[in-house]
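**Q** First residue of the sequence shown? That's 242 in our numbering, and the numbers climb one at a time after it.
All C-beta atoms in this analysis are idealised placements derived from N, C-alpha and C, irrespective of residue type, glycine included.
Here the structure is a predicted model, which is why all the values come from computation and not from measurement.
Got a structure for you, questions after.
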Amino acid sequence: MPLTTMSFVRTGASYRIAGMGGGTAAAVTAALGITPTDAFEVGEPIGRTGSVRDVSLWHLRSDLPEGLELADHLNAVLDRLEPRTDDLWRLVEQGYEIDWFCMLASNAFEHAAELDRVLLHRLLSVPGELLIDAMGDGEDDEDRR
242 MPLTTMSFVR TGASYRIAGM GGGTAAAVTA ALGITPTDAF EVGEPIGRTG SVRDVSLWHL
302 RSDLPEGLEL ADHLNAVLDR LEPRTDDLWR LVEQGYEIDW FCMLASNAFE HAAELDRVLL
362 HRLLSVPGEL LIDAMGDGED DEDRR
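In structure tokens, the structure reads:
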């Protein structure tokens, strides 16, 4: 089924693995055999703030256009992660913390995201809480003033 882009919605999904117990992003890459979208190690600078990271972070994003359904983004990341489910659970046992960070932005917040039962089952097969940041797209803010 072809994916349809919607101009009135911005969406995205990122699977995040944090080395809270001293684990490294490099170790996550080695364990999973998946190249992350982003990887950061302890001690690396955070932007231009002068502060440094106190935990490692490993991110895998869908790399799909922002105008697709949230479910499309989640399914795309799951397609890459599911073959490594056992390795993901081992990372949790080693002290890594894992979550999904999703964005859902729509003009006047007139869009509902559907996560069907098949997708919910897939999400439950891998570790990680599901966080959805739902917001307006900011374009309507001036109209409300």
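Residues in the same chain with beta-carbon distance under 6 Å from Arg257, minus the five sequence neighbours each way, listed in chain order, please.
**A** Within the same chain, Arg257 has close Cβ partners His300, Asp340 and Phe342.
**Q** Specify, as a first and last residue, the run of the beta strand (DSSP E) that Leu371 falls within.
**A** Annotation: the continuous beta strand (DSSP E) that includes Leu371 extends over Glu370 to Gly377.
**Q** Can you give, in chain order, each stretch of the alpha helix (DSSP H) that sits fully within the region 250 to 287 and has at least 4 residues?
**A** Within the region 250 to 287, the runs of alpha helix (DSSP H) that reach at least 4 residues and sit entirely inside it are, in chain order, 266 to 273.
**Q** Among Thr252, Arg294, Gly369 and Ala354, which has the Cα closest to the Cα of Trp330?
**A** Gly369
**Q** In whole angstroms, give me the CA-to-CA distance for Ala354 and Leu365.
**A** 18 Å
**Q** Would you mind listing the alpha helix (DSSP H) stretches within the region 280 to 361 that are 4+ residues and don't spill past its ends, in chain order?
**A** Under the rule that a run must span 4 or more residues, the alpha helix (DSSP H) segments found entirely inside the region 280 to 361 read 311 to 322 and 326 to 334.
**Q** Nearest to Gly284 by alpha carbon, out of Leu315, Gly274, Thr265 and Leu345?
**A** Thr265
**Q** Would you please state the rounded distance, in angstroms, between the beta carbons of Arg358 and Leu273? I believe it to be under 8 Å.
**A** Going by Cβ atoms, the distance from Arg358 to Leu273 rounds to 27 Å, so no, they are not a contact pair.
**Q** Apart from the five residues just before and just after Gly262, which ones in its own chain have a Cβ nearer than 6 Å to its Cβ?
**A** Gly336
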